[in-house]
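Undergrad:
Numbering (my numbering), first residue to last: 2 to 101.
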């Protein structure tokens, strides 16, 4: 049970009583802002819903699983998504029955 982008756009457009093209443009803009902000190291917070931030990973020593050889894994970055209280509360409620 998952929603793809086109299903999300259609549902938001219906709830907002606007066109799917308008919703799609807004979604593109939101993702663009997320991308540039998080890449620059800024944390984006939507209170109650979610927080998105870049995290740093230190360089470390690893092992090649095929050869057992020790390798150096360079430092890098990752993305951390944290659910807010409203999202957590919505998930904690019993989900509606699945349509067949």
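Ideal placement from N, C-alpha and C gives every residue a C-beta, glycine not left out.
Please read all numbers here as calculations on a predicted model, not as lab measurements.
(1) Opposite residue 1 in the DSSP bridges: which residues?
(2) With three or more beta-carbon pairs closer than 8 angstroms as the criterion, would you say the region 42 to 53 touches the region 86 to 93?
(3) Let me check understanding here. Comparing Cα to Cα, which of 84, 92, 14, 78 lies closest to residue 43?
(4) Check the C-beta distance from residue 53 over to residue 34 and give it rounded, since I have them as a contact under 8 angstroms.
(5) Report the option in 24, 17, 45, 20 whose CA atom is closest to the CA atom of residue 84.
(6) Classify residue 73 as helix, strand or coil using the three-state DSSP reduction.
(7) To the nearest angstrom, report how far apart residue 1 and residue 6 are at their CA atoms.
(8) State the DSSP-derived secondary structure class of residue 17, mapped to helix, strand or coil.
(9) From the DSSP output, in three-state form, read off residue 11 for me.
TA: Quick look at the numbers:
(1) Outside the displayed span of the chain (2 to 101) sits residue 1, for which this structure offers no information.
(2) yes
(3) 78
(4) In fact, because the Cβ distance is near 11 angstroms, the residues do not count as touching under 8 angstroms.
(5) Taking each of 24, 17, 45, 20 in turn and checking the Cα distance to residue 84, the smallest one comes out for 45.
(6) strand
(7) Any answer about residue 1 is impossible in this case: the structure gives the chain only from 2 up to 101.
(8) Residue state, collapsed to three classes: helix.
(9) helix
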